[in-house]
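First comes the structure, then the notes that go with it.
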Amino acid sequence: MFRKLLLILAALLATSACTQLSARPLVEMTVVDRDRGDWLPQYRHRGDTWIAGMPGHRYAVRLTNTTGRRVLVVLSVDGINAVTGQTASASQGGYVLDPWETTEINGWRKSLDDVAQFVFTDLGDSYAARTGRPRNVGVIGIAVFEEARPRYVPYPSPAPINRDNGYSRAEEKAAAPAVAESRAAGVARQSIGTGHGEREWSPVGETDFERASRSPAQVAEVRYDEERRLAALGILPRPYWRQRDEAPRAFPSGFVADPPGWH
Numbered sequence: 001m002f003r004k005l006l007l008i009l010a011a012l013l014a015t016s017a018c019t020q021l022s023a024r025p026l027v028e029m030t031v032v033d034r035d036r037g038d039w040l041p042q043y044r045h046r047g048d049t050w051i052a053g054m055p056g057h058r059y060a061v062r063l064t065n066t067t068g069r070r071v072l073v074v075l076s077v078d079g080i081n082a083v084t085g086q087t088a089s090a091s092q093g094g095y096v097l098d099p100w101e102t103t104e105i106n107g108w109r110k111s112l113d114d115v116a117q118f119v120f121t122d123l124g125d126s127y128a129a130r131t132g133r134p135r136n137v138g139v140i141g142i143a144v145f146e147e148a149r150p151r152y153v154p155y156p157s158p159a160p161i162n163r164d165n166g167y168s169r170a171e172e173k174a175a176a177p178a179v180a181e182s183r184a185a186g187v188a189r190q191s192i193g194t195g196h197g198e199r200e201w202s203p204v205g206e207t208d209f210e211r212a213s214r215s216p217a218q219v220a221e222v223r224y225d226e227e228r229r230l231a232a233l234g235i236l237p238r239p240y241w242r243q244r245d246e247a248p249r250a251f252p253s254g255f256v257a258d259p260p261g262w263h
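Mapping the sequence shown onto this note's numbering, position 177 (from 1) lands on 177, and the numbers just tick up by one.
The following block contains the structure:
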């Protein structure tokens, strides 16, 4: 089943702008390391949820609709809308999930047919830093909306997608000083970001969606960085990090072997 992509702004009901966030998650979000083939464990630390990313590894954001009705999910990666390339806002377009549907978003949406893969990379090489927006590198988030009426309502055809995600070469050139600044100052607080990887076939369809409220019913986010950084911050459990770091052990295994040159 194709993922359904909402490319135009959904109609909003004239309801209060303050919608109470749901205690029960409408959508569950996990991150999958595509090169390892498994999901990344989440760690709670001082009110934040963290995952450890491996530089150079591709990843996907797995979204699961836990309800029996359609929902709209606006996906933000490093503070950028993964569909439009705009600085992320909950009012923008996103992905519409059918009841109980699970899907994986593998990259930045380039067209109805393909994406540029999400890949953990050096901070300065991240898509956000290269487009002059490094401030929110290191966080993946979703804003979830419930549907006002579970029926199809026709809308005008959406405008074609800009394959450069609305960010021109001239703007990228103008952002060069900000990129240089982020490489110098940003490394102290964040070591990796999400790069604009290779193109990958990932077809989607179009649909319409009327939001039940102006404000999202659920907002969730997960922060990420390298294992070494999370270990230094005390976020990773010590036994986990020692095992990953291959620390010396008193009783590795086996018996005493003859030293080299022994006769």
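For each residue, glycine too, the CB sits at the ideal point set by N, CA and C. Predicted, not measured: the structure shown is a model, and the values here were computed from it.
Practice prompt. Taking aspartate 77 and threonine 194 to be in contact with their CB atoms under 8 Å, please state how far apart those CB atoms are, rounded to whole angstroms.
Written response: Against the sequence shown, residue 77 aligns to sequence position 77. Against the sequence shown, residue 194 aligns to sequence position 194. The residue asked about is misnamed: residue 77 is valine in this sequence, not aspartate. Between threonine 194 and valine 77 the Cβ distance is about 5 Å, and since that is below 8 Å, they are a contact.
Practice prompt. List the residues that DSSP assigns as beta-bridge partners of threonine 130.
Written response: Here residue 130 refers to the residue found at position 130 of the sequence shown. Note on residue identity: the sequence assigns arginine, not threonine, to residue 130. BP columns for arginine 130 are empty, so no partner.
Worksheet item: Taking the C-alpha atoms as reference points, what is the distance between valine 61 and serine 215?
Response: Stepping through the sequence shown from its first residue, residue 61 is reached at position 61. Stepping through the sequence shown from its first residue, residue 215 is reached at position 215. In a straight line, the C-alpha of valine 61 is about 22 Å away from that of serine 215.
Practice prompt. On the DSSP bridge assignment, give the partners of phenylalanine 120 in chain order.
Written response: Stepping through the sequence shown from its first residue, residue 120 is reached at position 120. Note: phenylalanine 120 sits in a beta bridge opposite Thr194.
Worksheet entry | Exposed unless 16 or more other CB atoms sit within 10 angstroms - verdict on proline 237 | Counting from 1 along the sequence shown, the entry for residue 237 is found at position 237. Proline 237 is exposed by the Cβ-count criterion.
Item to complete: For the beta strand (DSSP E) holding glutamate 104, just list the boundary residues, first then last.
Response: Numbered from its first residue, the sequence shown carries residue 104 at position 104. Its beta strand (DSSP E) spans residues 102 to 105.
Discussion item. I'd like to check one pair, valine 139 with arginine 56: are the Cβ atoms closer than 9 Å?
Written reply: Sequence index remark: in the sequence shown, residue 56 carries index 56 (1-based). Sequence index remark: in the sequence shown, residue 139 carries index 139 (1-based). This sequence places glycine at residue 56; arginine is not what is there. No. Outside cutoff.
Practice prompt. Return the CA-CA distance between leucine 97 and phenylalanine 118, expressed in angstroms with no decimal places.
Written response: Here residue 97 refers to the residue found at position 97 of the sequence shown. Here residue 118 refers to the residue found at position 118 of the sequence shown. Near 20 Å, if we compare the C-alpha coordinates of phenylalanine 118 and leucine 97.
Discussion item. Just to confirm the assignment, what range does the alpha helix (DSSP H) spanning leucine 72 have?
Written reply: Here residue 72 refers to the residue found at position 72 when the sequence shown is read from its first residue. First-last for leucine 72: 71 to 77, but that is the beta strand (DSSP E), not the alpha helix (DSSP H).
Worksheet item: Taking the C-alpha atoms as reference points, what is the distance between arginine 126 and phenylalanine 209?
Response: Counted from its first residue, the sequence shown places residue 126 at position 126. Counted from its first residue, the sequence shown places residue 209 at position 209. Reading off the sequence shown, one finds serine at residue 126, where the question assumed arginine. If I take the Cα positions, the gap works out to 31 Å.
Practice prompt. List the DSSP bridge partners of methionine 29.
Written response: Taking the first residue of the sequence shown as 1, we reach residue 29 at position 29. The partner list for methionine 29 (beta bridge, DSSP) reads Leu63.
Worksheet item: Mapping DSSP to helix, strand and coil, what is leucine 230?
Response: Locating residue 230 in the sequence shown gives position 230, where the first residue counts as 1. Looking at leucine 230 - three-state DSSP - the assignment turns out to be helix.
Fill in: Residue burial classification, alanine 184 (beta-carbon count within 10 angstroms, cutoff 16)
Residue 184 sits at position 184 when you count from the first residue of the sequence shown. For alanine 184, the predicted model reports a pLDDT of 39, less than 50, meaning its position is unreliable; a value from the coordinates is still stated below. By the 10 Å Cβ count, alanine 184 comes out exposed.
Worksheet item: Which whole-angstrom value is the C-beta distance of valine 27 and threonine 66, which I expect to be below 8 Å?
Response: Position 27 of the sequence shown holds residue 27. Position 66 of the sequence shown holds residue 66. Between threonine 66 and valine 27 the Cβ distance is about 7 Å, and since that is below 8 Å, they are a contact.
Practice prompt. List the endpoints of the continuous beta strand (DSSP E) containing isoleucine 142.
Written response: For this step, residue 142 is matched to residue 142 along the sequence shown. First-last of the beta strand (DSSP E) with isoleucine 142: 139 to 146.
Worksheet entry | Cβ-Cβ separation, leucine 123 to glutamine 218 (assumed contact under 8 Å), whole Å | By one-based count along the sequence shown, residue 218 stands at place 218. By one-based count along the sequence shown, residue 123 stands at place 123. Actually they do not touch by this definition, with Cβ atoms about 29 Å apart.
Worksheet entry | For glutamate 146 and leucine 72, the rounded distance between their alpha carbons | Locating residue 72 in the sequence shown gives position 72, counting from the first residue. Locating residue 146 in the sequence shown gives position 146, counting from the first residue. Their backbone Cα atoms lie some 7 Å apart in a straight line.
Discussion item. Under DSSP, the beta strand (DSSP E) around valine 204 begins and ends at which residues?
Written reply: By 1-based counting over the sequence shown, the position of residue 204 is 204. From DSSP, the beta strand (DSSP E) with valine 204 extends over 204 to 206.
Discussion item. Just list the residues that DSSP pairs leucine 97 with in beta bridges.
Written reply: Translated into the one-based positions of the sequence shown, residue 97 becomes position 97. BP columns for leucine 97 point to Val71.
Worksheet item: How many angstroms separate the CA atom of glycine 37 from the CA atom of glycine 94?
Response: Position 37 of the sequence shown, counted from the start, is the residue given in the question as residue 37. Position 94 of the sequence shown, counted from the start, is the residue given in the question as residue 94. Roughly 25 Å separates the two Cα atoms.
Item to complete: Indicate whether leucine 63 and threonine 103 have their beta-carbon atoms separated by less than 9 Å.
Response: Here residue 63 refers to the residue found at position 63 of the sequence shown. Here residue 103 refers to the residue found at position 103 of the sequence shown. Yes, the pair counts as a contact, with Cβ atoms nearer than the cut-off.
Worksheet item: At which residues does the beta strand (DSSP E) containing valine 83 begin and terminate?
Response: Within the sequence shown, the letter at position 83 stands for residue 83. No beta strand (DSSP E) contains valine 83, which DSSP labels as neither H nor E.
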